[in-house]
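All remarks here apply to the structure that follows.
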Amino acid sequence: MPLPVKDSAPVERQLLRDVVYNRLYEGILDGTLEPGETLLDEKLTAWLGVSRTPIREALMKLADIGLVEMAPNRYTRVAPIDLRAIDEAIYTTGLLHEYAARTSVPTLDSATLGRQDKALKEIRKAAKANSLPALGRALNDFFLEFERSSDNAVLLSISEGLSPQVLRYIAVWKQPFDTDDLPGRVAEILEAAKAHDGAKAGDLVRDLYASSLTQFLSDYRRSDAEIDESPVV
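Position in the sequence shown (first residue = 1) + 198 = this note's numbering.
Right, here's the structure in full:
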């Protein structure tokens with residue numbers, strides 16, 4: 199997909215690298231920047247209205263989380279969608295969110311529950327509008343609150359690191375979780391969290407992600423042999 203000629207809102211000068219990173223991150227997840235698309239410095243500078251330095255810094259950061267591929271003197275491009283990476287990310291993310299829910303829910307504070315309430319409203323809004331990128335962001339915000347409340351820096355770091363692959367999955371497939379009422383399923387998890395019932399919250403998270411992985415494997419993912427021949431799309 200061709201880049202816009204010029205962004206209507208020039209990038210703010212404060213925290214320039216982070217602002218550029220966020221623009222590119224969202225562009226990859228919402229499909230503005232397509233899998234495999236070459237990222238040319240001159241086009242990115244024209245689009246974002248910034249110099250080359252913050253763009254290169256942002257691209258290197260995106261490469262660290264697997265959304266961009268960089269080969270010196272050859273190319274910088276949006277990483278193709280790696281099917282094996284996505285199903286592994288779904289499986290692992292489900293385990294991490296389940297563990298975080300079981301361990302953090304018994305002691306969740308009102309501020310955390312308030313942020314999850316807000317995220318649930320965004321989930322409902324995005325689901326009603328059928329906006330998959332927005333839905334992915336809201337779901338990510340909701341579930342990462344468990345990790346943030348777990349007092350486990352390693353758990354949070356790994357979960358955040360897996361987020362881009364899961365968000366790419368949600369943004370691509372029409373029904374990323376095997377349910378007709380995703381907001382309702384998340385609302386059940388929140389109710390268990392408000393009751394400080396870690397066991398129930400963990401069970402509900404496990405069931406939600408297990409159905410998602412099963413759906414992905416059966417409906418979309420190719421066989422291991424096929425992926426070995428062509429691991430990305």
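For every residue, glycine included, the Cβ atom is placed at its ideal position computed from N, Cα and C. Just so you know, these numbers come straight off a predicted model, no measurement behind them.
Identity of the residue in the options nearest residue i by Cα
i: Gly247; options: Leu222, Glu389, Ile284 and Thr310; result: Leu222
i: Ile288; options: Gly334, Pro270 and Leu318; result: Gly334
i: Ala397; options: Ile253, Thr251, Ala299 and Pro270; result: Ala299
i: Leu402; options: Glu358, Leu360, Phe341 and Glu267; result: Phe341
i: Leu433; options: Ala391, Ala309, Gly400 and Lys319; result: Since the first and last residues shown for the chain are 199 and 431, residue 433 lies out of range.
i: Ser308; options: Ala391, Tyr273, Leu214 and Arg215; result: Ala391
i: Asp148; options: Phe375, Thr301 and Leu360; result: Lying outside 199 to 431, the shown extent of the chain, residue 148 is not represented and no answer is given.
i: Pro304; options: Leu214, Leu406 and Glu389; result: Glu389
i: Ala244; options: Val218, Arg404 and Ala269; result: Val218
i: Arg322; options: Asn350, Pro331, Gly382 and Pro270; result: Gly382
i: Asn338; options: Leu306, Asp378 and Val384; result: Val384
i: Ala350; options: Thr301, Asp378 and Glu386; result: According to the sequence provided, residue 350 is Asn. The question's Ala does not apply to it. Of the listed residues, the one whose Cα sits closest to Asn350 is Thr301.
i: Arg436; options: Thr290, Asp378 and Ile284; result: It is not possible to answer for residue 436, since the shown part of the chain is limited to 199 through 431.
Bridge partners - residue i, DSSP secondary structure assignment
i: Arg275; result: Thr236 and Glu267
C-beta contact flag for residue i and residue j at 8 Å
i: Ala327; j: Ala336; result: no
i: Phe408; j: Gly292; result: Residue identity check: residue 408 is Ala in the sequence provided, not Phe. Yes; because the gap between Cβ atoms is below 8 Å, this pair is in contact.
i: Leu433; j: Leu237; result: As displayed, the chain neither begins before 199 nor continues past 431, which places residue 433 out of reach and without an answer.
i: Thr310; j: Ser348; result: no
i: Leu260; j: Ser357; result: no
i: Pro252; j: Arg282; result: no
i: Gly225; j: Pro362; result: no
i: Glu286; j: Gly400; result: no
i: Leu330; j: Phe375; result: no
Rounded Cβ spacing between residue i and residue j (contact assumed at less than 8 Å)
i: Glu345; j: Leu354; result: 4 Å
i: Pro278; j: Gly234; result: 5 Å
i: Glu267; j: Arg254; result: The Cβ separation is near 14 Å, so there is no contact.
i: Asp239; j: Arg250; result: 5 Å
*Taking 8 Å as the threshold, find out whether the region 350–368 comes into contact with the region 315–322 through three or more Cβ pairs.*
no
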